[in-house]
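Some notes on the structure that comes next.
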């Protein structure tokens, strides 16, 4: 059985400061845990109820320790409102900007995305559209926040997410790669030229792209609003950040389909 | 000052059964409250802190009663984790399927969307893309759930949302209008024929479109997955329901742009 100290440690991983100290984070739920256990990140341990272990023990790859946890203890260490019967403690990878090739294909750049659900959904969108790199400003919500991890649905395995100062990063690429940014005023994305390789900047939910990041944008694009009828009676002021990301990625990929 | 009974009533509107009994719901926050107060729905009352009223009383249209509420009472009646200084109690409109014209333009049909944030985001997407009608299955999350209302960001004013049995609704339109549905296997949306007027069915987050709704779909479409490289190493299994809605609506609108 699991020790009190282990329980305390796993529970502490709900908080960023303990995640950073231990360089570990938590993923919950059968599907996500088994997906993460298949690699490539090192899973330090799986913690599950007796019932779960009875059904799934055979599916845990060799070398990953699995410990039994009582249901009340599971509720204590879970960060879900309906505790899952299983969670995994996973090592954070040591990825830096140097490990990332940004010349070929599409790179997403997030300028202070705040909502954990939005970040998770954006990672899942990137995974769907075959975008394997996301560069986040230091002010973007932390990748290992439990709400981000849960909403990535496993896409975190396939998409590299790196935190870096966006100014120097974009400055280094400006001139070599087109840098697109979504604005309320910009070129219509449906008719704009969209190359196969590009950097796409997505702005903060409330404030959009900040001036210090926006100054590196070479191509301002916009998703046009459609009017209901000739007589205008208002429309949505903006699209959710993840929704805008999806529309932009879809349009980039459509142009370069096949 | 507000009475104890009024406070209790507003607080009760957090629960669906009391919203249905009173035929009223709550919207919170300065922006949303002022947008709703401008019509077309009848705002029965605005409840705000003294500070808020000092700044915004002039912006409340004539005929809408405004009552002062202390900050502790505001925290009691608010359903937000960070209570807003203002909320509005709003009458539910009496819209039925008969009030809705579905021949022209795009109609969205939601088959058991469960997540309040997804429903709110889909309403906001519809508003952006000029889609003024959404028909929801009876099993779809309730429109007046506070999380739905907050995430619509005011788009609920412009988009008609009606709950109806989808089988009879679709049966009545089949043959006259093309009925599109998003599936993991279907015609590539980028090359499929997409008319100006259509019904688009969006499925449940976990189970997709149910068989009893799916049988009315005339055109199965899919948003293609993009591979990272020749050597396949997995990809996201699905897109979030609101994200898929956005990509599909964007593509329908792009085709019929100008």
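Protein chains in written order, with this note's numbering: chain A, 1 to 258; chain B, 259 to 516.
Using N, Cα and C, we set each Cβ at its ideal position, and we do this for glycine too.
- Under the Cβ distance rule, residue 285/B does not count among the residues neighbouring chain A, no pair being separated by less than 7 angstroms.
- Here residue 67/A is near residue 2/A, since their CB atoms are less than 7 angstroms apart.
- Spanning the alpha carbons of residue 52/A and residue 107/A requires a straight line of approximately 39 angstroms.
- In the DSSP secondary-structure assignment, residue 391/B is bridged to 365/B and 418/B.
- Only residues of its own chain outside the window of five on either side were considered, and among them 483 have a CB closer than 6 angstroms to the CB of residue 493/B, listed in chain order.
- Residues of the segment 109-130 of chain A that bring their beta carbon within less than 8 angstroms of a beta carbon in chain B comprise 117, 121, 124, 125, 127, 128, 129 and 130, in sequence order.
- By DSSP's assignment, residue 477/B forms a beta bridge with 438/B.
- Check the Cα spacing between residue 344/B and each of 390/B, 356/B, 285/B and 401/B: the tightest is with 285/B.
- At a beta-carbon threshold of 8 angstroms, the residues of chain B lying near residue 223/A are 386 and 508, ordered along the chain.
- Considering only beta carbons, the part of the segment 435-454 of chain B lying closer than 7 angstroms to chain A consists of 448, in chain order.
- By a beta-carbon distance limit of 8 angstroms, residue 417/B does not contact residue 373/B. Their separation comes to about 18 angstroms.
- Annotated as distal: residue 47/A and residue 144/A, with beta-carbon spacing of 7 angstroms or more.
- Chain order gives the chain B residues near residue 226/A as 387, 388 and 511, where near means a beta carbon separation below 7 angstroms.
- Leaving aside the five residues that flank residue 411/B on each side, the residues in its chain whose CB is nearer than 6 angstroms to its CB run, in chain order, 382.
- For residue 240/A, the chain B residues whose Cβ falls inside 7 angstroms of its Cβ are 379 and 382, in order along the chain.
- Of the candidates 113/A, 157/A and 43/A, 113/A places its Cα closest to the Cα of residue 201/A.
- In this chain, residue 282/B is not harboured by any alpha helix (DSSP H); it is covered by the beta strand (DSSP E) spanning 282-286.
- Rounded to whole angstroms, the gap between the alpha carbons of residue 512/B and residue 57/A is 49 angstroms.
- Looking from the CA of residue 104/A, the closest CA among 244/A, 94/A, 197/A and 223/A belongs to 197/A.
- Just measuring C-alpha positions, the residue of 495/B, 293/B and 434/B sitting nearest residue 465/B is 495/B.
- Of all alpha-carbon atoms in 218/A, 205/A and 141/A, the one lying nearest the alpha-carbon of residue 174/A is that of 218/A.
- The DSSP-derived three-state label of residue 381/B is helix.
- Annotation: residue 5/A to residue 11/A spans about 10 angstroms, alpha carbon to alpha carbon.
- DSSP, read as helix, strand or coil, puts residue 401/B in coil.
- Between residue 118/A and residue 241/A, the gap from beta carbon to beta carbon is short of 7 angstroms.
- Neighbourhood of residue 413/B in chain A, by CB distance below 7 angstroms: 236, in chain order.
- With a 10 Å radius around the Cβ and a threshold of 16 neighbouring Cβ atoms, residue 448/B comes out buried.
- About 14 angstroms separates the beta carbons of residue 169/A and residue 209/A, which is beyond the 8 angstroms limit, so they are not a contact pair.
- Separation of the CB atoms of residue 45/A and residue 65/A is rounded to 5 angstroms, and the pair is thereby assigned contact status at 8 angstroms.
- Residues of chain B with a Cβ closer than 8 angstroms to the Cβ of residue 247/A are, in chain order, 504, 505 and 508.
- Here residue 172/A is not near residue 220/A, since their CB atoms are 7 angstroms or more apart.
- The C-beta of residue 86/A comes no closer than 7 angstroms to any C-beta of chain B.
- In the DSSP assignment, residue 349/B falls within the beta strand (DSSP E) that extends over 344-349.
- For residue 296/B, no alpha helix (DSSP H) encloses it, and the DSSP letter there is neither H nor E.
- For residue 475/B, the nearest beta carbon of chain A is not closer than 7 angstroms to its own beta carbon.
- Residues of chain A with a Cβ closer than 7 angstroms to the Cβ of residue 501/B are, in chain order, 121, 125, 242, 243 and 246.
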